[in-house]
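Chains as they are written, first to last, in the numbering used here: chain A, 1 to 236; chain B, 237 to 788; chain C, 789 to 967. Report on the following structure.
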């Protein structure tokens, strides 16, 4: 065990050990940082930018999920600028695709909806991009609705890193990015999908759901996946 | 191979060449190919054959000479006469009149802007203010021939390094030169090398970033097309300095005309013992492979480039850890731009002190720019750092087309900004450009005249960034799209002052919250346009005042 | 304190938010102590009068809605964007992905419940705009109450704050909940 050393977060001195991420430290110490692409046990990608923090002496904002602790760090997680950007990220996500909570399977059980609540987004200042996307219901048990996908890529990572199937990947660039199954084939025709349902369990929104769910009645088993990863000690 | 061997080899090649009374260099670089240079080259060769002059005249297909606007360009040495706009039909006149008749073809010689054809064309203003270090051989040697490179002193720097310098000395020399990364950000090259050198690892890599993607930029491809061995030599020296065994050149698939000479150069370097297991008879081994990109602009970003070489989707990842610590497959990796590597051999041969003599204190050496847009002399130029924009635009560029008014110069491509005419006399170096809200960038320089609408310019670059955003992080993915939509709305005359406010807010948000350099710099063209040309935006918005119901 | 006036209206919405407003139940009496509801879909009156607070449900989906919201903005001191349709377009704006004609054809010509199989075209019937906008894209909005519908507690909280000249902050009651 490496010796602990102190760092300062939001004015509090906290003992940390080498190898920890700032996000882990914050979560363990009751410092609330919103996350979206982060999922406990999956490799972090630093993509959603919700967990950005200010590190003293560094001009750019850094994502807490991939920032490793180091001696003498002074970190601020709740500055006005950060709060404003968190809000803008949520607004950006809402306007990117078709997020109509009222008719969504995940209504009431959605991390995006919760985030809006948490960071205080009462309306979206940007207009909807309005890109009509497909809904793929070819899989016998599950549905992927790209209209609700926020490209957190949790499903891609859980499929590749935990299930080991790597059914999902990403195609295209810019706002046209999409999750694809195999080589952009209908999910139901996938040769790699094991129908394990891990992707559905980790999806933060209503983009992936099982066919047995309906409006507002989705069930996500996130804790089960976290537990599974812990038990398997998946080295990621 | 010793220093003497190399020098003798160079002498022998030079002597061999002396048997030719004339050498005709026909530019076959990317600037001249579209105007038919390949056919001109064939015509010149056939004509020489026809006139049975093969023993006296050498016809060489060479790299860019710089004056792309006047292509295809043909130069006759030793007279140093440059012919412009040579066609298949009039190519024979160069042979018949200049070489056989000994009188330059006056009406085909490159024009000066005083409307007088110049006999000694190298006196022309276009070249006077330039200083060629990186482009020294460009257009003066056959890029497909290692002999030509060696004859010009090539690989002597490598010999010096391998035989007489330790890695630390090499790094010290590069640090002494104060060379900064020519890819755009301007990070001190020597420091970067030192960092990679200091990491202890059984494997290290050197990567040459030739994924030049800025619209209007063609510096890196021109260097590779015209003088590929110079880049290789820089890479090999870097590998020796940092302790790497393997190198990659990451080059865009679109650059077919650069990939071919590069492949040839690597083969030749291997054959001649400059690459491979026992380089120049020492125990140092290093090998270079080419990796061809699929045309994603974002793959010029270091971490995305690494992902792409590894065979994964080319998307950036957060830094730290930096590639110098964890790069290709997790090993320490040195990534430098083509032009950075191309500077190395000159620094080693002449010393860091010599390099500092050119340029300013903080930005030493020269910079290659591809001068494009509304100037008379578009083309490839290399100027000392610190030169003013005015000199570039008016002296080298020959002024604005149709003698219109200068409006803005765009540097740094989609990551840079637009500089207005009040700042024409500012020196072109890393710091001044950043101060003006732009960046040096890889060296694209687009000149705009008073007919340019800066809203449209900002919209163009925003569309580029939007299309090229990898789509990984939210601010860049959604922000660039929203900004493009807003700019479009303003451009078509439906924007409001509120839109302008949101636009500015979004620009700063995307700049500060994005994951990689693409997103962080994507708002630059917009922000600098807003700073210097707000009038243009307001004009578009005022047009909207008359529209009562803008929405339905 | 002078009694305030409240006006409510629904544009492109389903009236659900108004139902939720009625769900504040006996607390309506507290509201009425401080204000008169001078205009609402169940209070007669042709034109939206000058009010202190206007609760506007629904999005802007037609020329008439546009005229109405511009009128309300001019008449009301405070305009509250009331419910998800007003705040974000919500269900009303789902037709933005379709052409207006497609929407009308599906609703009338193809609809099983419509015997005449005709798209009504009387001049008095509102004509759909080609795109549905949330309110803030058309006029300035002072406060937002998202929710489909917003809960009665949320509505009462906001009304109560406004009527007592305080600034409502949804964070106090757990944050703005969409859907």
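Built from N, CA and C at the ideal position, the CB exists for glycine as well.
Neighbour flag for residue i against chain A, beta carbons, 8 Å
i: residue 934 (chain C); result: yes
i: residue 895 (chain C); result: no
i: residue 905 (chain C); result: no
i: residue 751 (chain B); result: yes
i: residue 925 (chain C); result: yes
i: residue 212 (chain B); result: No statement about residue 212 (chain B) is possible, as the shown extent of chain B runs from 237 to 788 and does not include it.
i: residue 965 (chain C); result: yes
i: residue 671 (chain B); result: no
i: residue 738 (chain B); result: yes
Proximity winner among the options, relative to residue i (alpha-carbon distances)
i: residue 860 (chain C); options: C:886, C:880, C:837; result: C:837
i: residue 624 (chain B); options: B:665, B:530, B:765, B:526; result: B:665
i: residue 174 (chain A); options: B:760, B:743, B:698, B:726; result: B:698
i: residue 741 (chain B); options: B:722, B:754, B:727, B:599; result: B:722
i: residue 844 (chain C); options: C:931, C:911, C:810, C:952; result: C:931
i: residue 78 (chain A); options: A:154, A:214, A:50; result: A:50
i: residue 37 (chain A); options: A:55, A:153, A:52, A:108; result: A:153
i: residue 273 (chain B); options: B:301, B:309, B:285, B:439; result: B:309
i: residue 22 (chain A); options: A:104, A:65, A:80; result: A:65
i: residue 420 (chain B); options: B:754, B:496, B:767, B:764; result: B:754
i: residue 474 (chain B); options: B:449, B:444, B:311, B:552; result: B:444
i: residue 165 (chain A); options: A:99, A:195, A:97; result: A:195
C-beta neighbour in chain C for residue i, strict 8 Å
i: residue 122 (chain A); result: yes
i: residue 107 (chain A); result: yes
i: residue 116 (chain A); result: yes
i: residue 15 (chain A); result: no
Contact set between residue i and chain B, taken where Cβ atoms lie within less than 8 Å
i: residue 214 (chain A); result: Result: empty, since nearest Cβ-Cβ is about 29 Å, beyond 8 Å.
i: residue 52 (chain A); result: 749
7 Å Cβ cut-off: residues of chain C touching residue i
i: residue 103 (chain A); result: 879
Alpha-carbon to alpha-carbon, residue j and residue i
i: residue 762 (chain B); j: residue 646 (chain B); result: 11 Å
i: residue 209 (chain A); j: residue 142 (chain A); result: 6 Å
i: residue 295 (chain B); j: residue 494 (chain B); result: 20 Å
i: residue 199 (chain A); j: residue 159 (chain A); result: 7 Å
i: residue 709 (chain B); j: residue 204 (chain A); result: 16 Å
i: residue 944 (chain C); j: residue 872 (chain C); result: 17 Å
i: residue 157 (chain A); j: residue 170 (chain A); result: 11 Å
i: residue 660 (chain B); j: residue 289 (chain B); result: 50 Å
i: residue 888 (chain C); j: residue 854 (chain C); result: 17 Å
i: residue 529 (chain B); j: residue 336 (chain B); result: 47 Å
i: residue 42 (chain A); j: residue 62 (chain A); result: 19 Å
i: residue 351 (chain B); j: residue 345 (chain B); result: Confidence is the limiting factor: at residue 351 (chain B) the pLDDT is only 49, short of 50, which leaves the residue's position unreliable, though a coordinate-based value still follows. Going by the C-alpha atoms only, they are around 11 Å apart.
i: residue 731 (chain B); j: residue 725 (chain B); result: 5 Å
i: residue 868 (chain C); j: residue 797 (chain C); result: 11 Å
Within chain B, the residues that residue i reaches when beta carbons sit closer than 7 Å
i: residue 42 (chain A); result: Chain B residues near residue 42 (chain A): none, gap ~14 Å exceeds 7 Å.
i: residue 71 (chain A); result: None at all; the shortest Cβ gap to chain B is about 15 Å.
i: residue 66 (chain A); result: 554
i: residue 206 (chain A); result: Per Cβ cutoff of 7 Å: no residues; residue 206 (chain A) is ~18 Å from chain B at best.
Partner residues on chain A for residue i, Cβ-Cβ distance less than 9 Å
i: residue 876 (chain C); result: 94, 95, 99, 100, 101, 123, 124, 128
i: residue 745 (chain B); result: 84, 85, 88, 89, 92
i: residue 872 (chain C); result: 100, 101, 102
CB contact check: residue i to chain B, cutoff 8 Å
i: residue 33 (chain A); result: no
i: residue 21 (chain A); result: no
i: residue 228 (chain A); result: no
i: residue 89 (chain A); result: yes
Contact list for residue i against chain C, beta-carbon separation under 8 Å
i: residue 132 (chain A); result: 885
i: residue 113 (chain A); result: 965, 966, 967
7 Å Cβ cut-off: residues of chain A touching residue i
i: residue 882 (chain C); result: 100
i: residue 814 (chain B); result: Outside the shown range of chain B, which is 237 to 788, sits residue 814 (chain B), and nothing can be said about it.
Beta-carbon neighbours of residue i, restricted to chain A and to distances below 8 Å
i: residue 959 (chain C); result: 120
i: residue 962 (chain C); result: 117
Practice prompt. Identify each residue in the region 166-190 of chain A for which the Cβ-Cβ distance to at least one residue of chain B is less than 8 Å, and report them in chain order.
Written response: Interface annotation for the region 166-190 of chain A against chain B: 169, 170, 172, 173, 174, 175, 176, 177, criterion Cβ-Cβ distance under 8 Å.
Worksheet entry | Contact residues within the region 699-732 of chain B, judged by C-beta distance below 8 Å to chain A | Flagged, chain order: 702, 703, 704, 705, 706, 707, 708, 709, 710, 711, 713, 714, 715, 716, 717, 718, 721.
Worksheet entry | Selection of the region 140-167 of chain A by Cβ proximity to chain B, strictly under 9 Å | Answer set for the region 140-167 of chain A: 150, 151, 153.
Worksheet item: Going along the region 603-626 of chain B in order, which residues come within less than 9 Å of chain A, judged by CB to CB distance?
Response: Going along the region 603-626 of chain B in chain order, one finds no residue with a Cβ nearer than 9 Å to chain A.
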